[in-house]
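Asker: Line order of the protein sequences matches chains A and C. Residues 32 to 487, numbered by my numbering, are exactly what the first sequence covers, in order. Residues 32 to 487, numbered by my numbering, are exactly what the second sequence covers, in order. Structure incoming, see below.
Number of protein chains: 2
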Amino acid sequence: MSEKNIPYKTYLTEDEMPRAWYNLRADMKVKPAPLLNPGTGAPMKAAELENVFCKELVRQELDDETAYFEIPQEIRDFYKMYRPSPLVRAYCLEEKLKTPAKIYYKFEGSNTSGSHKLNSAIAQAYYAKQQGLAGVTTETGAGQWGTALSMACAYLGLDCRVYMVKCSYEQKPFRREVMKVYGANVTPSPSETTQVGKKILAEFPGTTGSLGCAISEAVEAASSREGYRYVLGSVLNQVLLHQSVIGLEAKAALDKYGVKPDIVIGCAGGGSNLGGLIAPFMGEKLRGEADYRIVAVEPASCPSLTRGKFAYDFCDTGRVCPLSKMYTLGSSFIPSADHAGGLRFHGMSATLSQLYHDGYMEAVSVKQTDVFEAAEEFARVEGILPAPESGHAILAAMNEAKKCTEAGEEKVILFGLTGTGYFDLVAYEKFHNGEMVNFVPTDEDIERSLAQLPRV
Amino acid sequence: MSEKNIPYKTYLTEDEMPRAWYNLRADMKVKPAPLLNPGTGAPMKAAELENVFCKELVRQELDDETAYFEIPQEIRDFYKMYRPSPLVRAYCLEEKLKTPAKIYYKFEGSNTSGSHKLNSAIAQAYYAKQQGLAGVTTETGAGQWGTALSMACAYLGLDCRVYMVKCSYEQKPFRREVMKVYGANVTPSPSETTQVGKKILAEFPGTTGSLGCAISEAVEAASSREGYRYVLGSVLNQVLLHQSVIGLEAKAALDKYGVKPDIVIGCAGGGSNLGGLIAPFMGEKLRGEADYRIVAVEPASCPSLTRGKFAYDFCDTGRVCPLSKMYTLGSSFIPSADHAGGLRFHGMSATLSQLYHDGYMEAVSVKQTDVFEAAEEFARVEGILPAPESGHAILAAMNEAKKCTEAGEEKVILFGLTGTGYFDLVAYEKFHNGEMVNFVPTDEDIERSLAQLPRV
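Listed below in C-alpha cells is the structure:
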C-alpha cells in the first residue's frame, strides 16, 4: 500500500481486537528470576502469594511457559468500551521536524482514567470478582492507577479501597474526586484505619505520606478484611501480560499496511507500558524472526536501568513485599520532590530487567525540562496534551527522528503515548514559569541507597 | 444486519468522513430573522460584520440558501487528527436501565480541548489565516472554547488572544495553563489592555468580571489591532454550520446499520452542539423525508427556550453586539453562581429558536442535581466522565429510556455527549458533599430582565 494511504488514525475493528494476551516470558531463554520470600530467601510459592493476590493472578504471575492467555469475554467487552486505542501516524510531527522518519504512536489516553492502566485494572478486578471477593485494595500516588481501578470496580460492582499518598490527596483533589465519581473509598495515607498507619502517624505526626507507606497500608487492609485482596498497577509479570494488548493492537494495525517499525520506544517507570507495547515485537526478536531496536526511556532523576544495579531488592520502601531481581536504585531511593514527570519507582519489572541485562533492549535517561519542552511541542502539532510520563517517549522519538534527518534515513519509529496530562497542569505551569529544575542524583546518592540492598 | 453485530463503537474511515458542512437554513421554509444593527435597527450588512468577523465567515453567516459548504482540505486534515469521533452504542447503560430502548451517543470529548468546540475553532482560525490575518481574539468563561481556539491557532501558527473572565482565570488555573501550552495569550478580564476594561476597573475596582465584559474587551482588542478579528464559539449560524460535522458523521454511522433514531437529544446553551448534532436529521424532517423527535435540554437555571420570549435581543450583556431574534431571558439575565452545569447563555441560536418556534423541536429543562446524578450513573457504567453540559442530554436520554421500559417500546435514542468533565471536578465535589443547590429563577426574575428587551 502506498505511503499516502495510511490514515492519520487506525482503529482495529472489534473482530480484529486481540482475543488473548501474550506472555513474553514464554519466549525468553533466560527467564526472569523468581520472587523470593523476604524472610526465608526461598522462591515464593503460589499459596503464599494467594494470601495477598487473587488466585488466577498468581497463576499468571508464576507462569513462564504459556505464551497466550485467553482474555475472558467480560474483559473483552469492557475493552470494547474504550479500545481499540488508535494507532496514530504523526504526519504533523513529521512535517514539523522535517524528518524523513515515519513516526507512529499508540495512544492509550482516550479513556477517563487517562492512561493505559485501565488495561490491567479491569483484568485484576475481573479475577477478584470471579473469585467471589467483596473488594480490592491498592495504593496510588498521583492517582492514575487508583482512577483506573475505581472505574473497573464500579463496572463490576466490586468495592474499591484506595490508599492515596496524603500530599497527593490534598494537592490533587481532582484525581480524588474522579475516584469518588466511580464510588471508590479513598483514604489519605498514612491513616488511622490500619495498624501500620497508626504506627507511622505516632512516630511522624506531621508526615504527608509516601508510596511505600501507602502500599503497606493497602496490603494490611487487604489481609485484615474478609474477602479482599491487594492489587498492583505495574512491575508485576501479570501486569505486563495484561498490557500486552497495547502492543498486540499496535502490531495488528501496522501489519495491515505491511509496516515494520525499526525502533520501538516506551517510557519506563515500573515497566507496565513498555512491557505491554514491546511484547509482540520482543517476541519476534526473541524467536529470531525479526529484529527491532527497543528503547526504554527513563527520567534522569530516577534512572534505574541506566544507573541502577541488577540485584534482588524489595519492591517497596516498607521492605515487606517479596524480593524481585531487577535493576534497582535501592528500595530507600526516593526521587527528588522537584521531579514532576512520574516514573518514580526505584526498581523495574523483573522481566524487562532480564531482557535489558541480556542485551535485548536499550535504555536512555532524559531530563525533565527537555521532556516538558518536547511534550509541549508535540501538543501544539499533534493536538494531544501528553502526560509527563509519555513526554519521555516523545522526546526520545523526536531525538531518533532528528537523527534520521541528519542521516537522511527513512526509519519507522513507533512509540507509546501512555496518557494525557489533564491532571499534571501544575507541572506544566511550573515549566511555563521557568520554575522547573532538573534533579539528577549523584553517584553518592545512589551508592547510599544501594548499600542497603538485602543480602540474598 | 442483526442487532448483535452493531459494535460498541463505530468509527467512520477517513474516506467516509464528511467533505462538506450542511447548512440547515437552506431547508427552512421560514428562515431565521436577520441580525439587526443595534443603532439603526436595520439588518446588518456584510460590510458591517466584516469589521469584526472574517470575510468568509460573514458569507457563511448570512447565506440562508446554500445547502452544502465544502470543507477545505486543511480543515479536513486537522479533523483527521481527532475525528471521526466515535458513535457509541450504550450497551452497558441499556443493561443498567433494563430498557428495551436502543441508546446511541456521539462522543465529542476525545480531543484535548475536551469538547465539540474544536470543530468550529479550526474552521474560524483557518479562514482568519486564509484572509492573511495575524491573529484572532475571543472571550472564554470556563475555558472550553478558549482551549479549542488555542489548539487551532497553535496548529496554524496564528496569534490567539483570549480574554478569560477573571474569576475563572483565578479559580480554573488548569484551563488557563492548557491554553498556555498551546501558546495563547490569556488575559484576565476586565484588564488594563482595553479602554472598556479600564473603564470597568475604574468603576468597579474589585470586580471578578463577567462574560459580557470579556466579550466587549475581545471585540475591542480585535478592532483596535491591525490584522485581528473576533471569533465566537456558539450562537452564530456559522458555528452551527461547522458543527454539522457531528450530525453528519453520526448519521453516516447509523446509516451503515440501517438504524434510524426515533429521538435525537442534545444539550443547549447557545446551541452549537445541538444545532450540529441534529442538522442532517432536521434537514430530512424539514424536507418531509423522515420524522424525528428532536429534543433540546436546558438547565432549569437558564431556561431560555422553555421560559424565555421569542424576540429581538442583544447577544451580549454589554449591549454592543447586533440584535438577534431568538428565545431569550433578557440580556441582563445572569444565572445564579450556584449553577455549575454550563449552558449559561441568556439566549439561543436564531436558527434553533426559529425551528422551536415553528414546532420542529421540543425543549425540556432539568435540575442540576439530577444532571450530576445522571452523569455519575453514566460514568460508572459507560466509563466516560461527562461534562456537566453533556449530563443534561444524558439525563433526558435516560428519562426517555425509562419511558420505553414502562411502555415496553424499543425506541432508538441518539444523544450528543459533548465533552468530558476533567475540568469540572470542583462541581462534582460539591455534588458529592451535598453542597449543590438547584437554582430556578422566579417568574419575577425573568420578567425583570425581559422588561429591558430592546424596542425594535
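Yeah, the Cβ is synthetic: ideal placement off N, Cα and C, and Gly gets one too. Quick caveat, the model's predicted, so the values are computed rather than measured.
Contact criterion: CB-CB distance below 8 Å. Does Tyr186/C meet it with respect to chain A?
Answerer: For Tyr186/C, the answer is yes, since a Cβ of chain A falls inside 8 Å of its Cβ.
Asker: Need the endpoints of the alpha helix (DSSP H) that Ser220/C sits in, please.
Answerer: Ser220/C -> not in any alpha helix (DSSP H); beta strand (DSSP E) instead, spanning Asn216 to Ser220.
Asker: List, from N- to C-terminal side, the beta strand (DSSP E) runs of 3 residues or more that fit wholly inside the region 406–475 of chain A.
Answerer: Fully enclosed beta strand (DSSP E) runs of 3 or longer: 443–448.
Asker: Please report the straight-line C-alpha distance between Glu126/A and Val457/C, rounded to a whole angstrom.
Answerer: For Glu126/A and Val457/C, the distance between alpha carbons rounds to 39 Å.
Asker: Can a CB atom of chain C be found closer than 8 Å to the CB of Gly268/A?
Answerer: The question names Gly, but residue 268/A is Asn in the sequence shown. Not an interface residue.
Asker: Between Asn142/C and the rest of its own chain, which residues show a CB-CB distance below 6 Å, the 5 nearest in sequence each way excluded?
Answerer: Around Asn142/C: Tyr113 and Leu149.
Asker: Does the count of Cβ pairs from the region 347–356 of chain A and the region 312–323 of chain A closer than 8 Å reach three?
Answerer: In short, these stretches do not touch, since the Cβ pair count stays below three.
Asker: Could you check which residue in Gly372/C, Val328/C, Arg192/C and Thr168/C has the C-alpha nearest to that of Ile296/C?
Answerer: Considering only alpha carbons, the answer is Val328/C.
Asker: Leaving aside the five residues before and after Thr224/A along the sequence, list all residues of the same chain whose C-beta is less than 8 Å from its C-beta, in chain order.
Answerer: Thr218, Glu248 and Ala252, listed in sequence order.
Asker: Any idea what DSSP makes of Tyr135/A, helix, strand or coil?
Answerer: Here Tyr135/A sits in strand by DSSP.
Asker: How about Thr171/A: is its C-beta nearer than 8 Å to some C-beta of chain C?
Answerer: No, Thr171/A lies away from the interface with chain C (no Cβ there is under 8 Å from its Cβ).
Asker: Helix, strand or coil: which one does DSSP assign to Ser355/A?
Answerer: Three-state result, Ser355/A: strand.
Asker: Check for me: the beta strand (DSSP E) holding Cys298/C runs from which residue to which?
Answerer: Run containing Cys298/C: Ile294 to Cys298, per the beta strand (DSSP E) assignment.
Asker: Where do the N-terminal and C-terminal ends of the beta strand (DSSP E) with Lys340/A fall, by residue?
Answerer: That run of the beta strand (DSSP E) goes Lys340 to Phe345.
Asker: So which residues on chain C does Val209/A lean against when the C-beta distance must stay under 7 Å?
Answerer: Result: Leu416 and Leu456.
Asker: For Val193/C, count neighbouring C-beta atoms within 10 Å of its own C-beta (all shown protein chains included) and say buried if the count is 16 or more, exposed if not.
Answerer: Buried, by the Cβ-count rule.
Asker: Return the Cβ separation of Val402/C and Gly372/C in integer angstroms, given the expectation that the two are a contact with Cβ distance under 8 Å.
Answerer: Their Cβ separation, rounded to whole angstroms, is 6 Å, which keeps Val402/C and Gly372/C in contact under 8 Å.
Asker: Can you pull out the residues from the region 143–158 of chain A whose beta carbon lies closer than 7 Å to at least one beta carbon of chain C?
Answerer: So the close ones are Thr143.
Asker: Do we get a CB-CB distance below 8 Å when we pair Cys191/A with the residues of chain C?
Answerer: No, Cys191/A lies away from the interface with chain C (no Cβ there is under 8 Å from its Cβ).
Asker: Run through the DSSP bridge pairs and tell me what Trp176/A is partnered with.
Answerer: In DSSP, Trp176/A forms no bridge with anything.
Asker: Ends of the alpha helix (DSSP H) at Phe29/C?
Answerer: With chain C covering 32 to 487 only, the question about residue 29/C has no answer from this structure.
Asker: Anyone know if the C-beta pair for Leu448/C and Ser421/C falls short of 8 Å?
Answerer: Against a cut-off of 8 Å, the Cβ pair of Ser421/C and Leu448/C comes out as a contact.
Asker: So which residues on chain A does His273/C lean against when the C-beta distance must stay under 7 Å?
Answerer: Here the premise fails: no neighbours, minimum Cβ distance about 17 Å.
Asker: Find out if the Cβ-Cβ distance for the pair Glu393/A, Ile325/A is shorter than 8 Å.
Answerer: Result yes, Cβ atoms of Glu393/A and Ile325/A sit closer than 8 Å.
Asker: Step through the CB atoms of chain A and report whether any lies within less than 8 Å of the CB of Ser141/C.
Answerer: With 8 Å as the cut-off, Ser141/C counts as an interface residue toward chain A.
Asker: So which of Lys137/A, Pro131/A, Ser181/A and Glu87/A has the shortest CA-CA distance to Thr41/A?
Answerer: For the residues Lys137/A, Pro131/A, Ser181/A and Glu87/A, the minimum Cα distance to Thr41/A belongs to Lys137/A.
Asker: With DSSP as the reference, label Met32/C as helix, strand or coil.
Answerer: Low local confidence applies: a pLDDT of 38 at Met32/C is under 50, so the model's placement there is unreliable, and no value is given.
Asker: Assign Gly166/C to one of three DSSP states: helix, strand, or coil.
Answerer: Reduced to three states, the DSSP call for Gly166/C is strand.
Asker: Measure the alpha-carbon distance for Arg56/A versus Pro103/A and round it to whole angstroms.
Answerer: Arg56/A and Pro103/A: Cα-Cα distance of roughly 21 Å.
Asker: Below 7 Å CB to CB, which residues in the same chain sit around Val119/C once its five sequence neighbours on both sides are set aside?
Answerer: Result list for Val119/C: Tyr39, Lys40, Tyr135, Tyr136 and Phe138, in chain order.
Asker: Select from Asp389/A, Ser335/A and Ile106/A the residue whose C-alpha is nearest the C-alpha of Ile365/A.
Answerer: Considering only alpha carbons, the answer is Ser335/A.
Asker: Got a sec: which bits of the region 105–118 of chain A sit with their beta carbon under 7 Å from any beta carbon on chain C, in order along the chain?
Answerer: Per Cβ criterion, the list reads Lys111, Met112 and Tyr113.
Asker: Give the C-beta separation of Arg411/A and Ala185/C to the nearest angstrom, bearing in mind that I take them to be a contact with Cβ-Cβ under 8 Å.
Answerer: Correct: roughly 4 Å between the Cβ atoms.
Asker: Looking only at C-alpha atoms, which of Glu460/A, Thr238/A and Gly188/A sits nearest to Lys160/A?
Answerer: That would be Gly188/A, whose Cα lies nearest to the Cα of Lys160/A.
Asker: Let's test the definition: count the other Cβ atoms within 10 Å of the Cβ of Pro117/C and tell me whether it reaches 16, buried, or not, exposed.
Answerer: By the neighbour-count rule (16 or more Cβ atoms within 10 Å), Pro117/C is buried.
Asker: If you scan the region 50–129 of chain A from start to end, which runs of the beta strand (DSSP E) of 3 or more residues do you find wholly inside it?
Answerer: List check, beta strand (DSSP E) in window: 51–53, 99–101 and 118–120.
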